[in-house]
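Since the structure comes first, as structure tokens, the remarks are kept for the end.
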Amino acid sequence: MAEQFAVTQVPGRETGEIPPSPLDRDEKTVIIYPLADPLWDIDTLPLTYTNSRWSAFFYRADEKHLRRVLPDCLELEDDIVEYWYVDHNHTMLGPYGEMGVTVAASYKGGDGKTYYAGYYPYMYLTQDAAIDAGRVLGFPKKEAFIRVLEHGGNPDDGYGVYDGKNYQFDYFSFLMIRNGYVLNSVTGKYDDADLSAKPAFYGNTEYGRMNMKVITAPDISNSEWQLVYLPSLVTKDLATAMGRPDTEGSHRFQVKPESIRTASPESFNWFSQATPYDNLGHELPPKEHIGLMTFSFDLIIPAGDVLWTETYTRDATWAGAAKPYRFGLRHRFPKPIGLGA
Amino acid sequence: MAQNVNVTSVPWIDSGDAPPLALDRDKRDIISQGIADPLVDYDIIPLTYTNSRWSAFFYRADEKDLRHVLPKALTLEDDVVEFWYVDHNHTGLGPYGEMGVTISASCKGSDGNTYYAGYYPYMYLTQDTAVFAGREPFGFPKKIAYIVAQEHGGKEDDGYGGFGNDYFNFTMERRGYLLHTATGRYDDAELPAKPAFYGNPAYGRMNLRILTRPTLTETKWEVTYLPSEVTKATAAAMGRPETEGQHRFQLKPESIRTASAGAIRSWALQATPFDNMGEMLPVKELIGLMSYNFDLIIPGAQTIWSQTIERTAEDIGDLLFATPYQYTMRHRFPKPAGV
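Residue numbers (my numbering), protein chains in the order written: chain A, 1 to 341; chain B, 1001 to 1339.
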């Protein structure tokens, strides 16, 4: 005889600790799907991050490579790449690990204004809600296995090493794997060296952040590209919405200077690899390593502005463009045997 | 001294085993962000699945509950829910596990036609490419979860094929919470009922896609529809014109196993702070389980109904930011100390 057990009450709903279901709210508050149970919801907005840990490798890349990964509407501003890992523990989306690449670029707007920003050609995260919330803003996020580790070098009592602001770990290991392939692994020891250069957007409030969002129609007949821009400073509207008017004009990204550790290129081992599923190792190889800078920070991510759009259309003949069953390496490309094969 | 190793060639692009890099192709061939390295690329289209294993629990639910999870454009057609797991091993997206709920519904389309379909209010998968290949163009409501779909035991085998499959175990976890588990043994019983869309080619599949602009000023709702049969265009695109008119979903009758409600030894379904399925669609009467192998093709979808919700700056302030830091259970809601 079957035994059934059903917990039919969502914990925290009746006490107001989680938001009501979108099915029971005004349609204006529905921003993502599933309608019945969104992957992420209004309770995450605006996205806030407290005491995350950022580890940024700086390296020079060939300008030819950098221009190649930029959309046509962007200009390259700097040959220094920020290749970063993040350990997020206190966020609106739950804890997660993240890795990305940022390239200094600019966009000449139709209004004559030039927008400067760090543009993200690559991003990887460890969980779905953060991936999707980012993709809505055009962040090019995929899921990967990511490890961000700092350890050793000093005795500690196991309490409050991070929260107590004792940034005393000397060794580091960063690792990213996707679909079974290692994309990157770096190990080393901080030597707190002065780094010889940093990306153009470091410490420059002129630089916001930019993404290229791609929206494809359900029938695949067209894709709209949208250049999304996030300014670097907290706007008046955002400050008001958070109930913290005092934050207007602050930088959205607040580095804690006391938390900085650095490593010169001689202090780490670096392995990077292009794979059948991820081409980062091919498109942006390091030309010259500059070093690693790790720091803790707070961050707010608001809604974005769309600066530029372009739509690419496909006619009925396009469906054959992918040459079915041709590319046999990346996945299995089965020819369904039940369909008359 | 530091060691620096960079493998800069992408394996097997030169031999044509992997598609050319996105940046070397016509922009029309990019269907997903990031444009330098798409999460979902054109080599997966049309989506094909061969010899997947489907395990569908059938149960009756309260019609009030079923209507509650349907978008307003849809009408309920049946009170039998299909609550299913799938083990996909041979697909254009790589192998993955999947779980979902399908409800019989109809939609009066913008063109005046009535479309019948299985509608998906909930779906969970084990990997990102399949999640976003389903979500972004088509509107499948996919999330990522830990999923086990297991059949085992009942006969001796030598380790090479032909394993026993008398017992089953299905489990799904997300964000540390158990959403569902069911265990039991097949008894190959006749099931007294099945969902209205079983064996009925009039029923396609429907999803609700919800797209919000980065500015949050506008959200578009679209009911997308996949007909049940292979169209001429899809058949031609696959280079297999003989498949036109066949059902996209081909069940292999010889692979069917069933379990009566009494043979399902345990069933636990739980609502969690992150996933409300256990609250929204509780079981009124468990009917049984049907497992079988199948082949499937998923082509592009039609949009049969849409609406656009617009928001003023005041709407955004009132509705989205009105209660910052109020809902404290689902995640940590930090107040950035530095700002």
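No residue lacks a Cβ here, since even glycine has one placed at the ideal position from N, Cα and C.
Asked, Found
"CB contact check: V306 of chain A to chain B, cutoff 7 angstroms", "yes"
"Proximal chain B residues relative to W318 of chain A, where beta-carbon distance stays under 7 angstroms", "R1028"
"Ranges of the beta strand (DSSP E) found wholly within the stretch 8-63 of chain A, counting only runs of at least 3", "47-60"
"Exposure label - I337 of chain A; buried when at least 16 CB within 10 Å", "exposed"
"Cutoff 6 angstroms; reference H173 of chain A; Cβ partners in own chain excluding five residues on either side", "Before going on, a small fix: residue 173 of chain A reads as Ser here, not His. If we look at S173 of chain A and ignore the five residues flanking it on each side, its Cβ neighbours are L149, T187."
"N- and C-terminal bounds of the alpha helix (DSSP H) containing T965 of chain B", "Because chain B spans 1001 through 1339 in this model, residue 965 of chain B falls outside it and cannot be assessed."
"Cutoff 8 angstroms; reference T1231 of chain B; Cβ partners in own chain excluding five residues on either side", "E1244, P1299"
"Same chain only: Cβ atoms within 8 angstroms of E75 of chain A, ignoring 5 sequence neighbours per side", "A105, S106, Y107, K108"
"Anticipated Cβ contact below 8 angstroms, Y1364 of chain B with L1226 of chain B, distance rounded", "The question about residue 1364 of chain B has no answer here: the residues shown for chain B are numbered 1001 through 1339."
"Among A:Y171, A:T205, A:D170, A:E143, nearest to Y181 of chain A - alpha-carbon criterion", "A:E143"
"T102 of chain A, enclosing beta strand (DSSP E) - first and last residue", "96-108"
"For G1278 of chain B, three-class secondary structure by DSSP", "helix"
"Where the stretch 1263-1290 of chain B meets chain A: residues whose CB sits under 9 angstroms from a CB there", "A1263, I1264, R1265, S1266, W1267, A1268, L1269, Q1270, A1271, T1272, P1273, F1274, D1275, N1276, M1277, G1278, E1279, M1280, L1281, P1282, V1283, L1286"
"Segments assigned beta strand (DSSP E), at least 3 residues, entirely inside the stretch 215-272 of chain A", "222-230, 253-255, 261-263"
"Burial state of S21 of chain A (16 or more Cβ within 10 Å)", "buried"
"Cβ-based contacts, 7 angstroms cut-off: residues of the stretch 67-79 of chain A near chain B", "R68, V69, P71"
"Exposed unless 16 or more other CB atoms sit within 10 angstroms - verdict on V1005 of chain B", "exposed"
"Residue(s) in a DSSP beta bridge with R1257 of chain B", "B:S1291"
"Distance between T1126 of chain B and I1147 of chain B (C-alpha atoms, nearest Å)", "7 angstroms"
"Any C-beta of chain B under 7 angstroms from that of G203 of chain A", "no"
"First through last residue of the alpha helix (DSSP H) which encompasses K1064 of chain B", "1063-1069"
"Chain B contact for L125 of chain A (CB, 7 angstroms cutoff)", "no"
"Proximity test, Cβ basis, 7 angstroms: Q1150 of chain B and chain A", "no"
"Within chain A, partners of N1006 of chain B - CB distance below 7 angstroms", "S272, G281, P285, P286"
"Backbone CA spacing between M1329 of chain B and I18 of chain A [nearest angstrom]", "6 angstroms"
"Short CB-CB distance (under 7 angstroms) between S223 of chain A and chain B", "yes"
"Bridge-paired residues (DSSP) for L1076 of chain B", "B:A1105"
"Assigned exposure category for Q9 of chain A - 16 Cβ within 10 Å defines buried", "exposed"
"Extent of the continuous alpha helix (DSSP H) to which V136 of chain A belongs", "128-136"
"Contiguous alpha helix (DSSP H) assignments of at least 4 residues, all confined to the stretch 1229-1253 of chain B", "1232-1237"
"D191 of chain A versus A:L45, A:V101, A:E248, A:I260, residue with shortest Cα-Cα distance", "A:I260"
"G1164 of chain B burial status per 10 Å Cβ neighbour count (16 or more: buried)", "exposed"
"Neighbour flag for I1304 of chain B against chain A, beta carbons, 7 angstroms", "no"
"Contact set between H1331 of chain B and chain A, taken where Cβ atoms lie within less than 8 angstroms", "D43, T44, T91, M92, L93, G94"
"Amino acids of chain A, ordered along the chain, whose beta-carbon sits closer than 9 angstroms to that of R1175 of chain B", "G94, Q127, A129"
"Residue environment, Y1096 of chain B, which counts as buried when at least 16 other CB atoms sit within 10 Å", "buried"
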